[in-house]
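The block underneath contains the structure these notes are about, expressed in structure tokens.
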């Protein structure tokens, strides 16, 4: 049955469906939105995507995106070099940076353990983290993986791989019920973390 759309428009919609959380209806709306824009806007968007794909690479130290061999954070001499915050991906790094309260370094794992999806220890940057510990003067690892089953399994793996380093402190982000949240709607992991990280009045 014909969709009533030209083939080039169908291809655009299918390409937009590759974006996270974008279904058929949203992809169709986005496609028509782009087509209503002037040609120069579409060119600018297309060129920005192509340029980012060509120019960006992974920092050879932490794995964050960079246009240089090393990212701006790793090159910043004012950062605390003895502290590394381990995150699953660069979006997590950016979220922590926005707080302005952390001045250490990062290590981007590039994902989390997900055996059902075929993602094992060799698919995330654990070896690179261990190498940093072997060749640097790191005193603390902060685990900032997501509070999911995959994130918890990944954090456990990091601890197991790093626990043999003498004098290394391993901490994790405090977790619990967010401000404005209701106890009755909190999941089991969140409630467990809230109990573990309870504070004295």
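Residue numbers (the numbering used here): 32 to 232. All C-beta atoms, glycine included, are put in the ideal place defined by N, C-alpha and C.
Taking every protein chain shown into account, the CB of residue 94 has 16 or more other CB atoms within 10 angstroms, so this residue is buried.
The three-state reading of DSSP puts residue 158 in helix, counting H, G and I together. Under the DSSP assignment, residue 50 falls outside any beta strand (DSSP E); it carries neither an H nor an E label.
The beta carbons of residue 220 and residue 214 sit about 14 Å from each other, so the pair does not count as a contact at 8 Å. In this structure, residue 162 sits away from residue 114, with a CB-CB distance that is not shorter than 9 Å.
In the DSSP assignment, residue 180 falls within the alpha helix (DSSP H) that extends over 180-193. Inside the stretch 46-131, DSSP marks whole beta strand (DSSP E) runs of 3 or more residues at positions 111-118, from first to last along the chain. Residue state for residue 208 is assigned as coil, using DSSP reduced to three classes.
According to DSSP, residue pairing for residue 135 in a beta bridge involves 111.
Taking C-alpha positions only, residue 92 is separated from residue 197 by approximately 22 Å. For residue 143 against residue 202, the beta-carbon gap comes to about 19 Å, at or over 8 Å, which does not count as contact.
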